[in-house]
Structures are given as C-alpha cells and as structure tokens.
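Numbering (this note's numbering), first residue to last: 119 to 543.
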RNA sequence: GGAGAAAUACCCAAGUCUGGUUGAAGGGACCGGUCUUGAAAACCGGGAGGUCGGAAACGGCGCGGGGGUUCGAAUCCCUCUUUCUCCGCCA
C-alpha cells in the first residue's frame with residue numbers, strides 16, 4: 119500500500135509504475151482515488167466544523183445546567199439535535215468514502231525500485247549471478263523421490279491415507295537430515311547476529327488480511343473451523359504481525375529476526391499438488407529471516423540477506439544462482455525481490471528454494487508498524503528472506519550430494535547435527 | 001471450560017460509584033535552566049503522545065478495540081480482545 123499523498127502530489131509517477139508492471143487496467147483507479155480523496159476531505163471538513171460547533175454548544179449546556187438555567191439549556195439541546203442529524207449523515211458518507219478509497223488503494227502496486235528489470239511475467243526474470251559450478255555428474259541422478267525411497271526415507275502412501283495428497287512421512291536418516299538442515303540454518307542465522315524466534319503457528323484474520331489480499335488468502339491459508347484463526351503459510355505472517363500497531367523505538371532498529379515455523383499451504387490454483395515427490399506440498403518447514411529497519415538501510419539489508427542464503431547453500435555444497443524478479447512478476451507489495459535458486463543436476467536447471475524481498479514501507483503502512491525520531495513517526499522498511507525451506511531445500515541438498523551408489527554425502531557443516539555421520543546409505 | 005479482577009499517555013498511577021472548566025491530578029523518566037571545574041544531588045521551569053484536515057491560525061478524533069444511551073461519556077449499557085488470580089483439564 120502506497121502513501122495516498124503520492125497520488126495527490128505525483129500521480130503520474132504512480133501511473134508510470136502501474137504501466138511498468140503491465141497492470142494497465144488499474145490505471146483508472148488512480149484518478150478515481152484522487153476524486154474520492156478530494157470529496158472525502160471536503161466531507162470531513164464539513165463534519166469537523168459541525169462537530170466543533172456541537173462541542174462548543176454542549177459545553178455551554180454544562181455551564182447553564184450548573185447555573186440552573188434549565189430553559190436556556192433545553193433550547194440549546196434542540197439546536198444541537200439538528201446538528202446531530204447532519205453529522206450522522208456526513209459521518210456515514212465519510213465512512214463509505216474512506217472504505218472505497220482504502221479498497222482501491224490496496225490494489226495500487228508499490229513503487230518498484232529503479233533497477234527492477236521491466237518484463238511481463240516470470241519468463242523475463244533476469245539471472246544475476248551464479249555461485250558454484252553447476253556440475254552434471256557422469257552418472258544419472260534419479261528423481262529425488264526415488265533417491266529418498268531407496269533409502270527408506272519417505273512414506274507417501276501412508277500419508278495419503280492419513281492426510282491425503284500433498285503430505286508425507288519422512289523417515290529415519292532422511293527425517294534426521296531434514297531436521298539437521300533446519301537446525302543448522304537456525305544456528306547459521308544466530309551466528310549472523312539474528313534474534314531467534316519461534317512464533318505462533320496460527321494467526322487471526324486481521325493479521326492475515328494485513329499481509330495479503332483476500333484472493334491470496336483464499337488460495338493459500340487453511341482456516342480453523344469455528345475460530346478466527348488461520349494456519350500460517352510462512353512465519354513472515356506472524357513475525358510481521360508481531361509488530362502490528364506498534365511504534366518501535368528507533369534505537370532498537372534494525373530488528374533482525376530469524377524464525378522457525380512449519381508452513382501450511384492449500385496450493386490452490388496455478389500449480390496445485392500435481393507434482394511427484396516433495397517439491398510442492400501442503401506442509402513444510404522453514405527457517406526465515408525478517409528485518410525491520412530505517413528506509414535508508416533497506417537496500418543494504420536486502421543485499422546482505424540474499425547473500426546469507428547463498429552462503430548457507432554453498433556451505434552445503436549446493437550450487438545456486440540469484441534471479442531478479444522482473445516488474446510484472448513482482449508482487450504488488452514489493453519494491454524489489456530476487457529468488458535464490460538451487461542447481462538441480464538431474465533436471466540440469468535451477469529451481470527456486472528461497473525468495474528475498476524488500477517491501478519498502480508498504481507492509482508497515484498496512485499494519486501500522488512505525489518508528490519515531492525528532493521529526494515524528496515514520497513507517498519502517500520491512501524485508502524478508504528464506505534461509506531454508508524444506509523439503510524443498512532437502513531436495514536440492516540430496517541431488518547435489520548424491521553419489522552414484524545411491525548414498526548421500528554429509529558435508530562438514532551438517533555433521534554435528536547428524537551425530538557425526540559423513541554419509542547416508 | 002468455570003469464577004472473579006483489571007486495561008488511563010514513554011513508565012507508574014488518580015479519576016469511574018455521583019456524566020459537564022478532566023483535552024485528563026500526582027510521581028518517575030525526559031527536555032531546558034540555576035548551582036558545579038565537570039557530573040550527581042537539590043531547586044526552578046516545560047510539555048500527553050498519536051492521527052486526520054488545513055499554507056497557517058485552528059479544528060476533528062483520541063482514556064484496550066467496536067457499538068449504544070445522552071445535548072454531552074475515561075465515567076452509564078452491550079460486545080470483543082488481552083492480562084492477572086483461583087478452580088478444572090492437559091503435553
């Protein structure tokens with residue numbers, strides 16, 4: 119959500135930005151908002167004047183009552199009653215106008231960074247940099263589901279029975295590897311100075327609607343029957359929600375947090391749960407990083423954050439690359455975003471394992487997350503990035519550490535979490 | 001799940017029974033000053049933060065959130081949320 123002042127003062131910029139994102143159908147909204155805003159302020163002004171008048175007269179009644187001038191007081195009461203009718207009418211109008219404005223404002227995309235590549239969809243995303251050699255071994259790498267199955271590491275048949283498609287039992291060393299990776303990811307971020315946090319795994323609807331649109335909510339979030347609660351789709355939801363309606367002391371910024379949570383997603387729509395294996399599932403686990411900082415420090419953190427993820431995967435012998443999200447593929451709330459993709463030696467291409475985003479003050483404005491200095495309050499800049507989401511991260515790890523004989527190497531970094539094991543076979 | 005108590009500004013806290021100079025007493029912290037070589041202490045002085053409209057003057061909102069009664073609500077009523085105490089249940 120952008121500042122409405124931007125529409126008042128520089129609506130061409132807002133329109134230009136909409137065009138850059140190939141959302142031309144939203145262009146008329148800008149003028150509509152501008153008109154509604156003018157009208158809203160006019161109505162508010164009228165209302166304020168009447169309320170002011172009413173307040174003054176009411177105070178007079180107080181004085182008259184004290185002086186026992188009942189008749190005069192009664193007359194004033196009648197006078198005020200007339201104001202109240204008008205005020206009620208104006209307030210209704212004010213409410214309707216501001217709702218309309220808010221509804222439209224929510225759909226206006228955030229102003230993207232100048233250096234975001236312009237493109238209509240994900241096919242126009244731009245590779246930035248490769249880290250590590252994308253090696254293709256001279257033997258075949260089986261599908262991850264087959265690798266894991268051969269090691270007795272997964273049971274999807276039983277999961278289908280208990281929970282349906284999109285769920286899984288991880289077993290034995292593979293389950294342990296899964297946990298080891300998460301523990302390592304946690305400690306990796308703690309060592310970077312991030313504050314470890316385990317958040318609530320369910321959140322209320324007002325928090326959800328603060329972080330996503332209704333359509334997204336419907337497509338992603340599981341609702342708890344009979345309660346105003348949703349299972350989180352990512353800990354970002356509860357981590358950002360943590361600061362809803364608060365003013366953070368400026369000396370506490372930047373807040374650098376790393377959170378663990380299971381994540382639940384319906385995965386309704388485009389892709390669905392149609393793929394074999396553990397790539398797209400209803401339930402996964404994630405170590406996340408979240409940063410709240412001053413605007414001027416935002417880009418600095420953005421660059422640090424994706425680099426942390428790269429460093430993390432490199433320490434696990436996984437080649438990665440960064441892929442910059444183009445304007446059309448960028449979610450409306452984001453200023454800039456890049457994916458960290460892991461190399462798949464089997465498919466001989468990169469696939470997404472994480473996503474780093476800077477949202478400017480858009481998320482903070484929606485949720486009223488502010489800080490304060492001598493010039494007053496301001497909305498903080500929010501960022502989030504994946505350290506490790508797994509089983510997806512597990513797949514990347516397994517493919518890249520797979521040996522011809524079906525075993526999986528455990529790199530140095532992970533061994534303390536695997537009881538010293540150097541190999542899974 | 002049951003019973004009770006509470007939520008007031010950065011923090012503590014008065015006011016709520018008895019609605020009207022309470023746009024919120026009093027502390028603490030904070031800022032400015034006196035004193036001091038400097039600081040502390042003491043003393044004097046200052047301001048509610050926020051938000052919306054306005055170029056400004058000024059005005060609207062605002063005592064956990066929402067609604068209601070009333071000319072007028074921190075104060076009365078309803079509702080939601082949260083916290084605390086006790087009981088029950090439970091990893």
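The beta carbon of each residue, even a glycine, is placed where N, CA and C say it ideally should be.
Since the model is a prediction, treat every value here as computed from it, not as a measurement.
- Between the alpha carbons of residue 292 and residue 407 lies a gap of roughly 25 angstroms.
- Assigned with DSSP and collapsed to three states, residue 380 falls in strand.
- DSSP places residue 200 inside the alpha helix (DSSP H), whose first and last residues are 188-225.
- When beta bridges are read from the DSSP output, residue 424 appears opposite no residue.
- Residue ranges of uninterrupted alpha helix (DSSP H) with 4 or more members, entirely inside the stretch 120-160 and ordered along the chain, are 122-138.
- In the three-state DSSP reduction, residue 414 falls in the helix class (H, G or I).
- Between residue 297 and residue 153, the alpha-carbon positions lie close to 55 angstroms from each other.
- Relative to residue 349, the option among 400, 369, 170 whose CA is nearest is 400.
- Using a Cβ-Cβ distance cut-off of 8 angstroms, the stretch 203-217 and the stretch 162-182 are in contact, since at least three pairs of beta carbons, one from each stretch, lie closer than that value.
- A straight-line Cα-Cα distance of about 34 angstroms links residue 520 and residue 448.
- Going by DSSP, residue 524 is part of no beta strand (DSSP E) at all; its letter is neither H nor E.
- Looking at the backbone, the Cα of residue 461 and that of residue 518 are separated by about 8 angstroms.
- Apart from sequence neighbours up to five positions away, the residues of its chain that approach residue 148 with a beta-carbon distance below 8 angstroms are 125, 129, 132, 133, 136, 226, ordered along the chain.
- Bridge pairing for residue 374: 409 [DSSP].
- In the displayed model, residue 397 falls within coil according to three-state DSSP, outside both helix and strand.
- Put simply, the backbone Cα of residue 192 is about 19 angstroms away from that of residue 169.
- Out of 446, 509, 491, the CA that lies nearest to the CA of residue 138 is found in 446.
- Beta-carbon to beta-carbon, residue 310 and residue 352 are separated by about 20 angstroms, too far to satisfy the 8 angstroms threshold.
- DSSP, read as helix, strand or coil, puts residue 538 in coil.
- Just measuring C-alpha positions, the residue of 442, 342, 282 sitting nearest residue 247 is 442.
- Checking the DSSP bridge columns, you'll see residue 402 partnered with 381.
- Note on the stretch 304-366: whole alpha helix (DSSP H) runs with a minimum of 4 residues are 323-329, 332-338, 353-359, in chain order.
- Taking a C-beta distance under 9 angstroms as the contact criterion, residue 158 and residue 215 qualify as a contact pair.
- When beta bridges are read from the DSSP output, residue 507 appears opposite 404.
- Put simply, the stretch 355-362 touches the stretch 472-491. At least three CB pairs are less than 8 angstroms apart.
- Looking at the DSSP output, residue 488 sits in a beta bridge with 365, 497.
- Put simply, the backbone Cα of residue 375 is about 9 angstroms away from that of residue 307.
- Bounds of the beta strand (DSSP E) holding residue 472 are 467-476.
- Pairing residue 522 with residue 302 gives a Cβ-Cβ distance that is not under 9 angstroms.
- With a beta-carbon spacing of about 5 angstroms, residue 468 and residue 439 fall inside the 8 angstroms limit used to define contacts.
- Assigned with DSSP and collapsed to three states, residue 281 falls in coil, not helix or strand.
- Residue 473 is not a Cβ neighbour of residue 453, given a cutoff of 9 angstroms.
- For residue 199, the number of other beta carbons within 10 angstroms of its own is below 16, and it is reported as exposed.
- Classified as exposed, residue 160 has fewer than 16 neighbouring CB atoms from the shown chains inside 10 Å of its CB.
- Annotated three-state conformation of residue 516 is helix, per DSSP.
- Cβ contact annotation for residue 365 (same chain, cutoff 6 angstroms, sequence separation greater than five): 488, 490, in chain order.
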